[in-house]
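Peer 1: This is the structure I want to talk about, given as C-alpha cells.
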Amino acid sequence: MHAFVLYLFAFVTSACGGLLAQRQDARVQGANEGHYLVGVGIGDITGPVVETNMMGYASLAQTDTGLHMRQRSRAFIIADPSDPTSPTSRILLISSDICMGDTGVRRSILDALSTDPVLGDLYTPSNTALVGTHSHSGVGGYLEDLLPQTTSLGYVNQTAQAIVDGTLNAIHKAHASLAPGSIRVGNTTLLGANRNRSPSAYVANPPEERAKYQYDQDKELSVLRLDDANGTARGLISFFAVHGTSLYENNTLVSGDNKGMAAYLYESYSEPNTVPGNNSFVAGFVQSNVGDTSPNTLGAFCESPGQSYDGQLCEYEHATCGGYVEDCHGRGPGFRISDFVSNFLIGNAQFEAARQVMESSAPKVILTSPDTAIETSKTTSLTGVKGSVRNVHVYVDMMNYTFTLPNGTIASTCPAALGFDGPGAFDFVQGDNSSTPQNPFWEIVKDAVTPPPSQEQIDCQYPKPILLNTGYADEPYQWSPHTVDVQMLRVGNFVVLVMPGELTTMAGRRMRDALRARLISSGILDSSAYVVIAGPANTYGHYVATREEYSIQRYEGASTIFGPAALEAYIDRYSALVPYLADNVTGSPTSDAPPPEQTSVAISLQTPVIVDNAGFNQFGDVLVDVENTTYSAGDTVTVQFVGANPRASMLVFCP
C-alpha cells in the first residue's frame, strides 16, 4: 500500500488511562429500598483503522482508510448491596460501538473474566450482556460465523482482540468504581430522528394493531439515570431505535456513527475539560428494536443522473429506481452538506433528548438545519427504581424450535436461510416473495455456495424464496448461527429484553407488550413494569419481523433467517423464563448447548503488514504543517505527516 499520510481529526486522540483501584463492595440498604451498587466504565475498542473491511453494509469495497472517531465500549454494573457477592443479584450491561454483539467476542470476554480472582465469580453468561450500537462504520472481521466474514476476507483477530481488550478495560473500571447509589427512569418522545425504511411491510400488520400507535416507528427514548449516594449523576443508559447508518456506504473512516456521537456529546457536556475516553461520567446510548429504522429522515430518493426519475422518491413497494435498487439512497437531515453533518444531527438529537430527561427539563425543538427540526415532547418526570436485581440466560437452538401458539396451534422455527433481500452487488429487489428467478447467475451458483434447500425447508420458510440456505452450510464452519442467546436483565421494575437480532418496530412492540403482561400476570412486577429492548446483542441472529411483514419479503422479512414463526418463538421462550426474574427464585432454567467455538478454526485471508517504511522520509516528518492563521472553536485544523501503518502495532492505540 502507498505510504501513509495520516490526517488528524478532533476525535482521534485519547490518552491511556490505567485501571482504577478496586473498591470494597459496601453493604448498605438493599435494592427493595431503592439503593443499589452502581459502577460505570469506558474502554477504547478501536481496531485496525486501515486496510480492513468495515462491518455493516457487507460491501467488499468499504475498506477503512482512517478515523472519524474512536469506537468504545461502555460498561454498566448494577448490584444489590444486600447481596453483593451473588452473580444472580447483579447485572453487567455493555454497550459497544460495534455493529452487533457476537458469540465469540462475548465468550472471550467471559473467559478472561472467569480467570480473574476477583471478578471470576461475579460476572457470568447469565448476567453479562454485550449489545452493539449497530454502527455500520466500525472495523469488521470480528464475528464468529462465516457469512459476515465474507467481505472482510475472513476473521480479523486484530479487530476482535481490540474489542475484547477494550471491553475488559471498561468492565474493570466499572467494577472498581462500584459505589452506593440510586437509579431513576424517565422518557421523552423524540420526533424526526428516525423513520421507517420499509413502510410497505409495516402496513401489512393488522390495521387495528397499527391504529394503537401514532407513528410507524417507536419515538420513545427511555433513560436510566445512575446517581451516586448524593444524587449526583454518574452516568446514563438510554434506549432508542435508529439504525447506525447516518454515515453512508462510501464512508471509509471508522466511526461509532450517530450513537457513538451521542455518547461523545453527552460525556463532553458532562466533563468538558476531560480527554474523551478518560471521563468518569459514562453515557450509554443503547440500540433497541432497530430492524426497520433509518436515520435518513428525509426519505429515500433516486440518485440517477440523466434519468427522468432522478431526484424522485424511490418506488414505494420495492424501493427501486427504474426497476433497479442501486440508485435508491436515503437522505439524512444534513443531505447536500455531508453525511457527517447528518451523523452529528441525529447523534445530537439523541443527546439533547437524553439530557432533557436527565434534567427533567421542558420539551424543546432541536434545530438540525435551516429547514429541518427535531422535536422532543411529552417528557416524563424521573421516577425512582426499586426492587431486586435479577438476570436469566439460556441458549436456544433455533433450528427447529417447536412451541404452541396462544390459539393452540403447533408452530416451529426453521433452519436459517436468507432471501433475496434488497440492495447489494447483484441487484436483489426487495419485496419479492415469488418463485420466479430474479437473477440467473444466482440461480446457477446459489446451490453451489450453500446446500440446496429441501422441500421441507422451502415449505417452512415460505413465502421466502431462499437464496442462501445457511442453516445447512457448515463447511468449513457454520455460516449462520444455529443457537442464540436468550437473556433478560431486571433492575427493580425495569426489565431489559436482550435480543439476539434486529427486531422491527412492530415486532418489538409485540415483544415488549407480551413480556410486560407476563411479568405482571406472574406477580413479579406490578403495573409500574417498564420493559425495553436492547439489541442486536450477544449473538447475531439477523432480523426478526412479524409474520405479516415476513409475508411481504422486504429486507427485514427476507433476513428473518429462522422463518415466519421466529418472533412468536422468541415471545414463547422469553415468556417461559419470566419466573426466573422473581425476587426469591431458586434453580436455573433448562438450556440448550452453547454454540460451538469457531474462532480457532476461522479462515483469515488478510495479509499482515510485511514492510512498513517511510520511503524517502522519516516517520514523524511533517509534510504539510498547520497554516499560520487564527482558528476559532469548531474550525478544522489539518496537518499531514509521515506515519506508520496503524496495523503494524495496535499498541500505538490505547485499549
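According to mature numbering (1 follows the signal peptide of the UniProt record, and there is no 0), the sequence shown holds residues -17 to -1, 1 to 638 in order. Ideal Cβ positions, reconstructed from N, Cα and C, are used throughout, including at glycine.
Buried or exposed: which applies to T280, given that a residue is buried once 16 or more other Cβ atoms fall within 10 Å of its Cβ?
Peer 2: Buried is the call here.
Peer 1: Which residues in the same chain as L113 place their Cβ atom closer than 8 Å to its Cβ, once the five residues preceding and following it in sequence are excluded?
Peer 2: Cβ within range, chain order: I77, S79, G84, D85, V88, R89, I92, T150, A520 and N521.
Peer 1: Taking 9 Å as the threshold (C-beta atoms), are S118 and D240 in contact?
Peer 2: Yes, Cβ-Cβ distance for D240 and S118 is below 9 Å.
Peer 1: Distance check for A224 and L472, CA to CA, integer angstroms please.
Peer 2: Rounded to whole angstroms, L472 to A224 spans 19 Å at the Cα level.
Peer 1: Please name the residue in L502, T171, A552 and N326 whose C-alpha comes closest to that of A565.
Peer 2: The candidate whose alpha carbon is nearest that of A565 is L502.
Peer 1: Please report how far the alpha carbon of residue 654 lies from the alpha carbon of R193, in whole angstroms.
Peer 2: Only positions -17 to 638 of the chain appear in the structure, and residue 654 is not among them; the question remains open.
Peer 1: My assumption, with CB atoms under 8 Å, is that Y557 sits in contact with L486. Please give the rounded CB distance.
Peer 2: Not confirmed; about 12 Å, so no contact.
Peer 1: Out of Y445, Y460 and D442, which has the shortest C-alpha to C-alpha gap to T433?
Peer 2: When each option's Cα is compared against that of T433, the closest is Y460.
Peer 1: Quick one: what does DSSP say G149 is sitting in, helix, strand or coil?
Peer 2: Reduced to three states, the DSSP call for G149 is helix.
Peer 1: What first and last residue would you give for the alpha helix (DSSP H) that runs through residue 685?
Peer 2: Here the chain comprises residues numbered -17 to 638, so residue 685 is not present and cannot be evaluated.
Peer 1: Use the C-beta contact count for F(-14): other C-beta atoms within 10 angstroms, 16 or more gives buried, fewer gives exposed.
Peer 2: Per-residue confidence for F(-14) stands at a pLDDT of 34, beneath the threshold of 50, marking its modelled position as unreliable; the derived number appears in the next sentence. Answer is buried; the Cβ neighbour count reaches 16.
Peer 1: Anyone know if the C-beta pair for Y247 and M38 falls short of 9 Å?
Peer 2: Contact: no.
Peer 1: Leaving out five residues on either side along the sequence, give the residues of the same chain with a beta carbon under 7 Å from the beta carbon of R630.
Peer 2: Cβ within range, chain order: P31, V33, E34, Q141 and V592.
Peer 1: Three-state secondary structure (DSSP) at H312?
Peer 2: In this structure, H312 counts as strand in the three-state DSSP scheme.
Peer 1: Rounded to whole angstroms, what is the Cα-Cα separation between P547 and P100?
Peer 2: If I take the Cα positions, the gap works out to 45 Å.
Peer 1: Does the stretch 105 to 112 touch the stretch 360 to 378, meaning 3 or more C-beta pairs lie closer than 8 Å?
Peer 2: These segments touch.
Peer 1: With distances taken Cα to Cα, identify the nearest neighbour of residue 640 among L219, A44, D199 and V269.
Peer 2: A query on residue 640 cannot be resolved here, the shown segment of the chain reaching from -17 to 638 and no further.
Peer 1: Indicate the three-state DSSP secondary structure (helix, strand or coil) for D211 in the structure shown.
Peer 2: Three-state result, D211: strand.
Peer 1: Cα separation between L296 and L174?
Peer 2: Taking the straight line joining both Cα atoms gives about 21 Å.
Peer 1: From what residue to what residue does the alpha helix (DSSP H) around V324 run?
Peer 2: Counting along the chain, the alpha helix (DSSP H) containing V324 begins and ends at D322 to M341.
Peer 1: Considering just the uninterrupted stretch of the beta strand (DSSP E) at G22, what are its terminal residues?
Peer 2: Per DSSP, G22 belongs to the beta strand (DSSP E) from Y19 to D27.
Peer 1: Anyone know if the C-beta pair for V21 and G137 falls short of 9 Å?
Peer 2: For V21 and G137, no; Cβs fall outside 9 Å.
Peer 1: Determine, using beta carbons only, whether V474 and I74 come nearer to each other than 9 Å.
Peer 2: Yes, the pair counts as a contact, with Cβ atoms nearer than the cut-off.
Peer 1: Measuring straight from C-alpha to C-alpha, what distance separates E531 and Y299?
Peer 2: Straight-line Cα distance between these residues: approximately 17 Å.
Peer 1: Under a Cβ-count criterion, where at least 16 other Cβ atoms within 10 Å of its own Cβ denotes burial, should Q333 be classed as buried or exposed?
Peer 2: With 16 or more Cβ atoms within 10 Å of its Cβ, Q333 is classed as buried.
Peer 1: Can you tell me which of Y307, I220 and G282 puts its alpha carbon nearest to the alpha carbon of A337?
Peer 2: Of the candidates Y307, I220 and G282, the one whose C-alpha sits nearest the C-alpha of A337 is I220.
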